[in-house]
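Here the structure is laid out as structure tokens; the discussion comes afterwards.
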Amino acid sequence: MLDVAAVREARERIADVARHTPLDHSHTFSQETGAEVHLKLEVFQRTGAFKIRGATNRIRTLSTAEREAGVVTASAGNHAQGVALAATLNDVDATVVMPEFAPISKVQATEGYGAEVVLHGRDYDAAAERAHDIAAAEGLTYVHAFDDEAVMAGQGTIGLEILEDLPSVDTVVVPVGGGGLIAGVATALAAEAPDVRVVGVQAEGAASLPQSLETGERQVLEGVDTIADGIATRAVGERTFPVIREHVDEVVTVSDAEVAVAVMRLLERGKTLAEGAGAVSLAATLEGRFDYADGEAIVPLLSGGNVDLNLLTTVLVRGLVETGRYVRLRTVLQDRPGALEDLLEVIADAGANIYAIQHDRTSRSVAMDDAEVELDLETRGQSHVEDLQEALEDAGYAVEILV
Numbered sequence: 488m489l490d491v492a493a494v495r496e497a498r499e500r501i502a503d504v505a506r507h508t509p510l511d512h513s514h515t516f517s518q519e520t521g522a523e524v525h526l527k528l529e530v531f532q533r534t535g536a537f538k539i540r541g542a543t544n545r546i547r548t549l550s551t552a553e554r555e556a557g558v559v560t561a562s563a564g565n566h567a568q569g570v571a572l573a574a575t576l577n578d579v580d581a582t583v584v585m586p587e588f589a590p591i592s593k594v595q596a597t598e599g600y601g602a603e604v605v606l607h608g609r610d611y612d613a614a615a616e617r618a619h620d621i622a623a624a625e626g627l628t629y630v631h632a633f634d635d636e637a638v639m640a641g642q643g644t645i646g647l648e649i650l651e652d653l654p655s656v657d658t659v660v661v662p663v664g665g666g667g668l669i670a671g672v673a674t675a676l677a678a679e680a681p682d683v684r685v686v687g688v689q690a691e692g693a694a695s696l697p698q699s700l701e702t703g704e705r706q707v708l709e710g711v712d713t714i715a716d717g718i719a720t721r722a723v724g725e726r727t728f729p730v731i732r733e734h735v736d737e738v739v740t741v742s743d744a745e746v747a748v749a750v751m752r753l754l755e756r757g758k759t760l761a762e763g764a765g766a767v768s769l770a771a772t773l774e775g776r777f778d779y780a781d782g783e784a785i786v787p788l789l790s791g792g793n794v795d796l797n798l799l800t801t802v803l804v805r806g807l808v809e810t811g812r813y814v815r816l817r818t819v820l821q822d823r824p825g826a827l828e829d830l831l832e833v834i835a836d837a838g839a840n841i842y843a844i845q846h847d848r849t850s851r852s853v854a855m856d857d858a859e860v861e862l863d864l865e866t867r868g869q870s871h872v873e874d875l876q877e878a879l880e881d882a883g884y885a886v887e888i889l890v
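Counting in my numbering, the sequence shown runs from 488 upward without gaps.
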């Protein structure tokens, strides 16, 4: 099984490629939680995520014949970019199979780093099957996204950096997809600082690990459904699972809504952009998914920041909705002059700001002499939404909150 010696060797091997990323103390999140929260900012890593560490370590352990033949891999995005850049920097040809619906920004970035991209399947597992077929047909080395000891060792270098920058760390919180990141980090911490707790976090829509740990056997999901596409795998790896069982203290899950709030809060208060997979560690911390003491030194690992801009819009709006900063409501007015103005006066007096309004006199769901109105409103929190709804109902409007 993976050991810390391999992690130390990996650190030497990748030192000229992977950055030692910042560990930033967050006053905002520390104040909110009562803990001392330090963000490990792999969002500032080359390619925008931690994957360059493991990919570089794996490619630099290839034999001469393997280097000349080239490599192939499968990835939803971040590993794809890591392998593409690592291969280019080491003069190795790379083919990357990505799911058909992978974010276009990640596809373009992977091509930009020098890899040939093949789109196949609906998720990572389908893409991986195709990549293995290509490896067998063309004699290429398959660089696994997580289930490879050299890849795990490369990711584990993050654990060594955390200990150097914060020797007093109590808990490290790590996103979990296939498990390569947490396996590497937990291995390093178990050897160098065995008292440090390691907490893994999965998205509820891709949470194979809790059940796997409960049964003692890897569980494979039939499908995954989460905005955290970087950790949207059906199962943890065969090699990563025993490492996780050995060294990880606890595994928790978070909802997509909680992830969206964490992404929004990071951007608004931390001035830091994280993708959904990268923000699950902070989401678990803010939501208290695991117990911690006042003043405990916690390091949520923000594993990546490669978020598709179209998805980011959806995530941010969802975050605003969840925190009562954005609301869409429907009501019905009498179809007469001045009716809309009366409604808007109530909204203005309640202190809400209008983003958009739709006025429909032809809806079949209302009487012939009525009009249906939908409004998108900027609000100041859940209590403000409740006050607004009460003000409208007191003025005689039947209100339906849509989002």
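Every residue, glycine too, gets a C-beta built ideally from N, C-alpha and C.
Whole-angstrom distance between residue j and residue i, CA atom to CA atom
i, j, result
"H846", "E859", "6 Å"
"L798", "L754", "15 Å"
"E553", "A622", "11 Å"
"A690", "P824", "50 Å"
"D612", "A567", "14 Å"
"R495", "V767", "27 Å"
"N565", "P590", "11 Å"
"A878", "R848", "24 Å"
"D635", "E529", "21 Å"
"L827", "D778", "50 Å"
"A574", "T810", "43 Å"
"I546", "R867", "50 Å"
"G667", "H631", "10 Å"
"L482", "V853", "This structure gives no information on residue 482, because the portion of the chain shown stretches from 488 to 890."
"P697", "V730", "15 Å"
Host beta strand (DSSP E) of residue i (start-end)
i, result
"I785", "784 to 789"
"L528", "523 to 528"
"A771", "Note, A771: premise wrong, no beta strand (DSSP E); alpha helix (DSSP H) at 763 to 773."
"L606", "603 to 606"
"A891", "Residue 891 lies beyond the residue range present for the chain, which begins at 488 and ends at 890; the question has no answer from this structure."
DSSP three-state assignment for residue i, whether helix, strand or coil
i, result
"G687", "strand"
"I621", "helix"
"E733", "helix"
"E865", "strand"
"M751", "helix"
"I718", "helix"
"Q876", "helix"
"N840", "strand"
"R823", "coil"
"V808", "helix"
"V802", "helix"
"Y629", "strand"
"Q845", "strand"
"R554", "helix"
"A567", "helix"
"A581", "strand"
"T759", "coil"
"V833", "helix"
"V794", "coil"
Beta-carbon gap between residue i and residue j smaller than 8 Å
i, j, result
"V683", "V663", "no"
"A770", "A784", "no"
"V584", "A561", "yes"
"L572", "R533", "yes"
"V638", "G687", "no"
"G665", "G541", "no"
"G717", "G791", "yes"
"A556", "L650", "no"
"T759", "T520", "no"
"A882", "V833", "yes"
N-terminal and C-terminal residue of the alpha helix (DSSP H) that residue i is part of
i, result
"T644", "636 to 652"
"T508", "T508 -> no alpha helix (DSSP H), and no H or E assigned at all."
"Q698", "696 to 702"
"A670", "667 to 679"
"V494", "491 to 501"
"T597", "591 to 599"
"T658", "T658 -> not in any alpha helix (DSSP H); beta strand (DSSP E) instead, spanning 658 to 662."
Residues near residue i in its chain [Cβ-Cβ closer than 6 Å; skip 5 each side]
i, result
"E887", "R817"
"S592", "D795"
"G643", "V494, G671, V672, T674, A675"
"R893", "Coverage of the chain is limited to positions 488 through 890, which leaves residue 893 absent and any answer about it impossible."
"L788", "K527, V661, S768"
"D657", "E783, A784"
"E737", "V686, F777"
"L875", "A837, A839"
"H512", "H525"
Own chain partners of residue i with C-beta closer than 8 Å, once the 5 adjacent residues on each side are dropped
i, result
"A695", "Going by the sequence as given, residue 695 is Ser instead of Ala. Closer than 8 Å at Cβ, skipping near neighbours: Q689, R705, Q706, V707, L708, T720, R721, A722, V723."
"V802", "I714, V746, A747, V750, M751, G763, V794"
"E865", "R812, Y813, A839, N840, I841, Y842"
"V804", "Y813"
"P586", "A563, L606, H607, G608, R609, D610, Y611, A613, A614"
"L510", "H525, L526, K527, L528, E648, I649, D652, L653, V786"
Nonlocal neighbours in the same chain, by C-beta distance under 7 Å from residue i, ignoring five residues either side
i, result
"V491", "T674, A675, A678, E679"
"A618", "V559, T560, A561, V584, Y629"
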